[in-house]
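Each residue of the sequence shown is one higher than the one before, counting from 1 in my numbering.
Glycine included, every Cβ here is placed at the ideal spot set by N, Cα and C.
To start, the structure under review is shown below, and the notes come after it.
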Amino acid sequence: MTELDIAVSESQLRLLLDRLDMVRLELLRLRAMLLPEEELSEKERKELEEARKEIAKGLCISLEDLIKKMG
């Protein structure tokens, strides 16, 4: 193979991978549309609101920090 052949092949591979990503995103979007939505119970709604307030106050830990702490 010459350098030109390799460059074209890499370009085609990138194009294929980009298209594959677009197909994956579309499949995820379609799956989300088809999945039934659950209604939150009053208890779940309150817990979610409390969690959002804690996050807003900065009373949370990042995943990276949690992983470091847990080892």
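Taking only the alpha-carbon atoms, compute the straight-line gap between Ile61 and Glu49 and give it to the nearest angstrom.
-> So the two alpha carbons sit approximately 17 angstroms from each other.
Could you pull out every unbroken alpha helix (DSSP H) segment of at least 4 residues lying fully inside the stretch 22-68, listed in chain order?
-> Listed in chain order, the alpha helix (DSSP H) elements of length 4 or more contained wholly in the stretch 22-68 are 42-57.
Could you tell me the distance, in whole angstroms, from the CA atom of Leu40 to the CA atom of Ala51?
-> Distance between the alpha carbons of Leu40 and Ala51: 14 angstroms.
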